[in-house]
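**Student:**
Numbering (the UniProt record's numbering), first residue to last: 1 to 450.
Printed below as a string of structure tokens:
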């Protein structure tokens with residue numbers, strides 16, 4: 001099977017209103033925007049829509065944008081060069097095969113996507129043409145601001161051209177006044193669940209994803225269907241890959257003469273939340289819990305949602321949603337098939353294929369080539385069949401011959417080094433272990449976390 005050639009927006013289609021939208025990028029910058037940017041410390045400069053730290057002062061952000069150090073998230077991208085390379089797709093026929101029944105394949109699901117106009121072409125449109133190609137109830141969230149109007153109009157024009165305006169809905173959400181804004185719509189998650197509750201009163205299951213998340217939809221529905229059929233689980237569904245926020249970051253050793261003292265480096269409340277990068281699955285019961293009265297003796301009308309909006313200021317929306325659901329005593333259903341890192345690390349260093357039967361989602365899926373190739377792999381399988389780890393190993397091999405490997409790693413195991421991520425030295429690992437054993441502080445080992 002051949003990889004489909006993606007549709008791209010023409011330059012003149014980004015003109016909206018009385019004056020055209022001016023682009024500040026040339027062709028070379030547009031190509032670079034399709035790849036993650038890394039600073040000297042190995043961290044991404046373009047943070048995720050649903051994650052990342054809190055937004056700093058607006059003057060600092062504007063200064064960094066002026067210097068070209070930060071993406072202007074409200075400026076629509078320039079036209080990207082078309083992908084002219086065709087990739088042959090081969091399936092791994094020795095892998096175990098998984099199929100959904102008809103009811104699971106047709107399970108209704110409302111999907112919300114967190115994005116900004118500055119990533120319309122390099123992320124959102126490829127996502128709609130690959131992972132969400134066959135989905136019929138998608139809601140794309142933008143901030144309700146005049147700055148996002150050009151991006152919204154460009155997206156609406158694209159949707160009309162491909163005849164998906166009835167399937168993909170453009171939604172504007174007012175930013176909470178009580179929260180300092182963070183980049184990439186990091187505040188969206190809580191307002192999004194309120195929107196879902198009001199806009200889809202009869203829908204049971206919802207999903208929230210970033211624009212660099214890739215959902216393998218057959219696998220996502222397989223997971224939801226498994227929970228839905230589980231008669232022993234009658235409570236709310238808040239499902240995905242868990243992370244702990246506020247966890248003690250380790251020991252800090254303080255010397256005073258001959259005495260030594262160690263203390264924890266963080267002291268925030270420990271809350272487990274579902275990572276937004278790998279996708280959040282939530283049902284109506286869990287959302288309804290947020291709109292129950294929190295404490296009738298304190299306030300007879302204040303709901304958990306109202307309390308969270310007024311008092312929780314985490315810069316990352318998935319963290320904020322997790323804290324709010326924790327306040328409402330909604331438990332997490334852990335599913336490690338939803339991987340919160342890149343696909344290459346999942347099939348490389350982490351070797352998740354030895355631990356889970358099939359993949360369901362990946363994070364940091366930021367190259368168009370990856371999206372269209374994986375879509376072609378999905379299309380090569382039967383309509384109700386799940387993509388296997390063997391299919392990924394077959395079609396995403398390392399080496400320069402596979403052009404969609406971001407850094408052309410010669411083997412999967414060196415992907416962390418190529419990404420520029422820092423690894424602890426053997427001395428650092430030994431010292432940390434000794435401190436943890438001696439002073440009983442630091443992070444507890446969790447062999448299932450990867």
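Here a beta-carbon is modelled for each residue, glycine too, at the ideal position from N, C-alpha and C.
1. To which residues does DSSP link residue 103 through a beta bridge?
2. Assuming residue 217 is part of the alpha helix (DSSP H), what are its boundary residues?
3. If we count the other Cβ atoms within 10 Å of its Cβ and call it buried at 16 or more, is residue 207 buried or exposed?
4. Starting from residue 283, trace the beta strand (DSSP E) both ways and give me its first and last residue.
5. Can you tell me whether residue 213 is buried or exposed? The criterion is at least 16 other CB atoms within 10 Å of its CB, across all chains shown.
6. Helix, strand or coil: how does DSSP classify residue 465 here?
7. Just list the residues that DSSP pairs residue 209 with in beta bridges.
8. Give me whichever residues DSSP pairs with residue 238 in a beta bridge.
9. Taking residue 109 as the reference, give the member of 173, 285, 217 with the closest Cα.
10. Quick check on residue 452: does DSSP put it in helix, strand or coil?
11. Do residue 366 and residue 327 have their beta-carbon atoms positioned less than 9 Å apart in this structure?
12. Sorted by chain position, which residues of the same chain lie with C-beta nearer than 8 Å to residue 151's C-beta, five sequence neighbours on each side aside?
13. Are the Cβ atoms of residue 91 and residue 394 separated by less than 9 Å?
14. Per DSSP, residue 168 forms a beta bridge with which residues?
15. I need the boundaries of the beta strand (DSSP E) containing residue 272, first residue and last residue.
16. Rounded to a whole number of angstroms, what is the C-alpha to C-alpha distance between residue 315 and residue 94?
17. Tell me whether the beta-carbon of residue 272 lies closer than 9 Å to the beta-carbon of residue 243.
18. With a threshold of 16 other CB atoms inside 10 Å of the CB of residue 238, please say whether the residue is buried or exposed.
19. Quick one: residues in its chain with C-beta nearer than 6 Å to the C-beta of residue 392, no 5 flanking neighbours on either side, listed in chain order?
**Tutor:** Let me spell this out:
1. According to DSSP, which records beta bridges pairwise, residue 103 is partnered with nothing at all.
2. 217 to 229
3. buried
4. 280 to 283
5. buried
6. Residue 465 is absent from the model: the chain starts at 1 and stops at 450.
7. 113
8. 282
9. 217
10. The structure shown has nothing for residue 452, since the chain only spans 1 to 450.
11. no
12. 74, 76, 116, 117, 118, 120, 142
13. yes
14. 138
15. 271 to 274
16. 45 Å
17. yes
18. buried
19. 347
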